[in-house]
Structure formats: structure tokens, C-alpha cells
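Asker: Take the position in the sequence shown, starting the count at 1, then add 247; the result is the number in my numbering.
The beta-carbon is built from N, C-alpha and C at its ideal position, and this holds for glycine as well.
From a predicted model like this one, the values you see are computed outputs, not experimental measurements.
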Amino acid sequence: MGYFRENIERAKPYEAGFQPVSAGPSHDRPRRAGVVKLNTNENPYPPSPKVMEAIAGIDCEQLRRYPDPVGSAFRRAAAELNGVEPGWIMCCNGGDDLLRMVFTGFCDRRRPVAYPAPTYSLYPVLAKVQNCKVTEVAFDEEFNLPAKLAQTGAALTIVCNPNAPSGTFIAVEELASLADEVSGVLLIDEAYVDFAQANCVGLVKDFDNVIILRSMSKGYSLAGLRFGYAIARPEMIAGLMKVKDSYNVDAIAIAAATAAIKDQKYFKENVEKVKAECKRVTTELGELGFGVRVSFANFVLAGCMNCPASEIYDKLVERNIYVRFFNKGGLDDKLRITVGTGEQNDKLLAALKEILSK
Ligand SMILES: *Cc1c(COP(=O)(O)O)cnc(C)c1O
């Protein structure tokens with residue numbers, strides 16, 4: 248075309264996980280029900296019933312007027328949950344909205360981003376759009392925090408913890424040291440932290456350069472709603488507020504996300520179910536001969552020893568089962584499998600058994 252900035256002309260769009268059948272009218276439900284969708288790390292269980300109640304309770308006046316620009320109701324609920332004041336929270340249109348804000352706020356041609364790799368494939372896409380240099384520091388085989396990450400001099404360092412697509416977890420103390428050593432901002436992407444045994448929220452109290460990213464998409468079953476939030480010191484939040492869209496979260500989303508985060512009982516029950524299934528899937532994949540590391544997220548990365556990963560992927564698709572295959576170095580011998588319901592996982596495991604026995 249030639250109309251766009253050069254970096255945009257050269258950029259490749261983010262590749263979203265394949266959506267085999269998109270949501271649609273309810274008479275299509277039986278057809279959709281046949282698909283086992285374990286490819287985009289959605290929660291297999293529905294959101295809290297309180298969410299649907301909140302949406303049903305939306306008043307038309309709330310739609311006529313602009314929403315609360317900072318989502319005060321959600322801020323209060325998230326602050327209470329995380330043991331901070333509301334001024335330490337910023338609402339976002341999905342965690343991805345916060346990622347875009349930090350690239351806009353901290354990076355440009357002379358201000359690079361750094362992150363360990365392999366990790367979330369959206370980071371390089373946002374870097375391209377912002378036209379900033381990327382320093383990727385390779386993880387070792389065990390996905391330990393690379394020592395060199397502290398010395399890149401980047402304006403923005405991102406660590407995804409638990410990491411996608413490995414599901415591995417870096418200890419909070421190690422990230423505290425990293426926060427202390429990096430020259431710029433450290434964003435800790437905690438999109439999957441609801442399934443982990445610890446989190447880094449305590450670091451925002453000790454370090455003015457730390458931003459925590461949270462998402463309502465995974466643990467709270469609200470990927471379609473688009474809601475996430477940042478936790479950081481109030482000065483940092485104030486800076487990010489300058490970068491955000493003026494009304495970045497809508498009135499319906501604020502009401503629904505607030506209802507979800509307040510229903511901790513429902514949330515915890517769901518998370519425990521996913522964690523138990525994650526353990527079972529890990530064990531059973533191991534018994535089938537896959538190399539699977541312990542995962543602290545709602546997915547596992549399964550190394551395929553006896554059969555090419557791409558072949559297994561294709562054969563699963565033939566059976567209407569969708570997982571994620573990354574056709575790139577270090578990952579092209581593995582499959583990333585989202586933890587589903589017990590029934591979905593049974594279908595997956597039975598299909599794999601059949602595929603591998605041929
Ligand atoms: C899902 C995810 C996010 C945020 O997703 P949203 O749906 O935009 O909240 C951020 N980082 C990683 C690694 C994720 O997997």
C-alpha cells in the first residue's frame with residue numbers, strides 16, 4: 248500500500264489461535280458442542296452467575312452516558328483483593344490494552360524492550376508497531392530467568408510469570424532482584440497467576456519501577472468481555488493514565504468484571520478444578536510418552552517424543568480437537584494444550600492414545 252509508516256508496512260499481525268467455530272446463534276450450539284477447543288487458554292467453565300446478573304441489571308442510562316473513565320467500582324474491588332489502595336489500580340480493556348500502553352509509554356527508537364524468549368507472541372508485534380528495538384534473551388532448557396536479562400539497558404523489561412507457553416514459574420525473590428537491577432521499568436505479566444501458588448503484587452510496594460499485569464480472561468472465564476488491570480505505585484498509574492484511551496473500559500464491562508472479582512468463592516472453586524485437571528493431564532500425558540513440565544498455568548506444554556508435533560496436531564484436528572502448535576524453533580516439537588473440563592481432557596487423552604498407537 249505504502250500509506251502506512253514503514254514499520255507498520257513491514258509488521259506481521261498477531262496470529263490469534265484458530266477459532267474453529269465462532270460464537271453464534273443458539274441453534275448452532277450442538278455443532279459447536281462437538282468441538283474440543285483447547286487452543287487459546289480460555290477457562291473451560293462459565294463465568295460466575297453474578298456476572299450475568301450484573302449485565303442483566305444494566306440500566307439504559309448507563310449506556311446513554313459515558314462510562315466512569317477509571318472504573319472506580321472495579322478499582323475498589325481489585326484494590327481490596329490485592330491489599331492496596333484504589334489509586335494503585337488501573338482498569339484496562341484486557342491485559343493486552345495494558346501491554347500496548349507500556350510500549351507507547353516507555354519505548355521508541357532509542358528505548359528498547361527486552362524479554363526472555365520464548366514467551367507471549369504479542370510482545371514482538373507491539374514492538375514492531377511502536378518501532379522499538381527488541382532484545383530477546385533466550386531461556387535455558389528449564390526456563391530459568393536468564394541472568395543477562397538484568398543487563399540489557401532496556402527501557403522496558405517484560406517477564407511473563409507464569410510464562411506462556413511453558414507454564415513455568417519464576418520465584419518472586421528472583422523477580423525482586425531483577426526489579427532492583429534493571430535500568431527501566433519491569434512489567435510482570437501475571438495473566439496466568441490465578442493458577443500459580445504465589446504472585447508478585449508485594450513488589451509494587453518495594454519498587455517504583457514495577458507494573459503488574461492481571462487479566463480477567465483466564466482465571467475469571469471472561470476472555471470475551473475484555474478486561475484486565477494494572478497494579479503499580481500511584482505515580483506510575485498516573486503516568487499510564489496519560490497513555491490510555493479516555494474511556495478504555497465500557498460500562499457493561501466494568502459492571503461485569505466487578506461482579507466477577509467480588510465473587511471470590513466461585514472463582515476459587517473454578518481455579519481449583521482447573522488446577523486438579525492440569526495435574527491429571529500432566530501425569531497422563533507423561534504416561535503416554537510426552538515430555539511435560541509441571542505447569543503453574545491453565546495449559547501444559549507437551550514435548551512430543553515419538554511422533555512429530557505437527558502430525559499429532561493435524562490428527563487431532565481431524566478429530567475436532569484443537570490445541571496450539573507454534574511453528575518456530577524451540578517450540579515446533581511441542582504442543583501447547585489448554586486444560587479443559589474433565590470430559591474434554593478425557594477426549595483429548597483418548598485421541599492421543601489412539602493416534603500414538605497407530
Ligand atoms: C491472555 C494473556 C494476556 C492478556 O489477555 P487479555 O485477554 O487481553 O486480558 C496477557 N499476557 C499473556 C501471556 C496472556 O496469555
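#1: What does DSSP give as the partner residues of residue 336 in its beta bridges?
#2: Under 8 Å Cβ to Cβ from residue 493, same chain only, skipping five residues before and after it: list those, please.
#3: Drop a sphere of 10 angstroms on the beta-carbon of residue 307, count the other beta-carbons inside from all chains shown, and report buried for 16 or more, exposed for fewer.
#4: Report the residue from 448, 452, 426, 550 whose alpha carbon sits nearest the alpha carbon of residue 581.
#5: Is there contact here, the region 346-359 with the region 484-503, by at least three beta-carbon pairs under 8 Å?
#6: State yes or no: is the C-beta of residue 586 within less than 8 Å of the C-beta of residue 528?
#7: Go through the region 498-546 residue by residue and report every complete run of the alpha helix (DSSP H) that reaches 4 residues or more, in order.
#8: What number of angstroms, rounded off, separates the C-alpha of residue 467 from the C-alpha of residue 588?
#9: Using three-state DSSP, classify residue 363 as helix, strand or coil.
#10: With distances taken between CB atoms, is the gap from residue 302 to residue 508 smaller than 8 Å?
#11: Opposite residue 550 in the DSSP bridges: which residues?
#12: Would DSSP call residue 468 helix, strand or coil?
#13: How about residue 470: is its Cβ closer than 7 Å to a heavy atom in ligand 1?
#14: Please state whether the Cβ-Cβ distance between residue 381 and residue 365 is less than 8 Å.
#15: With a cut-off of 8 Å on the beta carbons, I'd call residue 281 and residue 567 a contact; round off their distance for me.
#16: One question on the structure: do residue 477 and residue 337 come within less than 8 Å of each other, judged by their Cβ atoms?
#17: Below 8 Å on the Cβ atoms is my guess for residue 469 versus residue 450; work out the distance and round it to an integer in Å.
Answerer: The relevant details are as follows:
#1: Taking the first residue of the sequence shown as position 1, residue 336 is located at position 89. The secondary-structure analysis by DSSP pairs residue 336 across a beta bridge with 478.
#2: Your numbering for residue 493 matches position 246 in the sequence shown. Taken in chain order, the residues that qualify are 316.
#3: The sequence position of residue 307 within the sequence shown is 60, counting from 1. With fewer than 16 other Cβ atoms within 10 Å, it is exposed.
#4: The sequence position of residue 581 within the sequence shown is 334, counting from 1. Answer by Cα proximity: 550.
#5: yes
#6: Here residue 586 refers to the residue found at position 339 when the sequence shown is read from its first residue. Here residue 528 refers to the residue found at position 281 when the sequence shown is read from its first residue. Taking 8 Å as the Cβ cut-off, residue 586 and residue 528 qualify as a contacting pair.
#7: Along the length of the region 498-546, whole alpha helix (DSSP H) runs at least 4 residues long occupy 498-509, 511-534, reported in chain order.
#8: The sequence position of residue 467 within the sequence shown is 220, counting from 1. The sequence position of residue 588 within the sequence shown is 341, counting from 1. Between residue 467 and residue 588, the C-alpha separation is close to 15 Å.
#9: For the purposes of this step, residue 363 is taken as the residue at position 116 of the sequence shown. Here residue 363 sits in strand by DSSP.
#10: Along the sequence shown, one-based indexing puts residue 302 at 55. Along the sequence shown, one-based indexing puts residue 508 at 261. Against a cut-off of 8 Å, the Cβ pair of residue 508 and residue 302 comes out as no contact.
#11: Taking the sequence shown and counting its residues from 1, the one referred to as residue 550 is at position 303. Answer by DSSP bridge pairing, in chain order: 538, 581.
#12: Residue 468 sits at position 221 when you count from the first residue of the sequence shown. Note: residue 468 maps to coil in three-state DSSP.
#13: As a working mapping, residue 470 is identified with position 223 in the sequence shown. Yes; taking the cut-off as 7 Å, the Cβ of residue 470 has a heavy atom of ligand 1 nearer than that.
#14: In the sequence shown, residue 381 corresponds to position 134, counting from 1. In the sequence shown, residue 365 corresponds to position 118, counting from 1. Contact check for residue 381 against residue 365 fails: the beta carbons are separated by 8 Å or more.
#15: Locating residue 281 in the sequence shown gives position 34, where the first residue counts as 1. Locating residue 567 in the sequence shown gives position 320, where the first residue counts as 1. Their Cβ separation, rounded to whole angstroms, is 6 Å, which keeps residue 281 and residue 567 in contact under 8 Å.
#16: The sequence position of residue 477 within the sequence shown is 230, counting from 1. The sequence position of residue 337 within the sequence shown is 90, counting from 1. Yes, Cβ-Cβ distance for residue 477 and residue 337 is below 8 Å.
#17: In the sequence shown, residue 469 corresponds to position 222, counting from 1. In the sequence shown, residue 450 corresponds to position 203, counting from 1. Going by Cβ atoms, the distance from residue 469 to residue 450 rounds to 25 Å, so no, they are not a contact pair.
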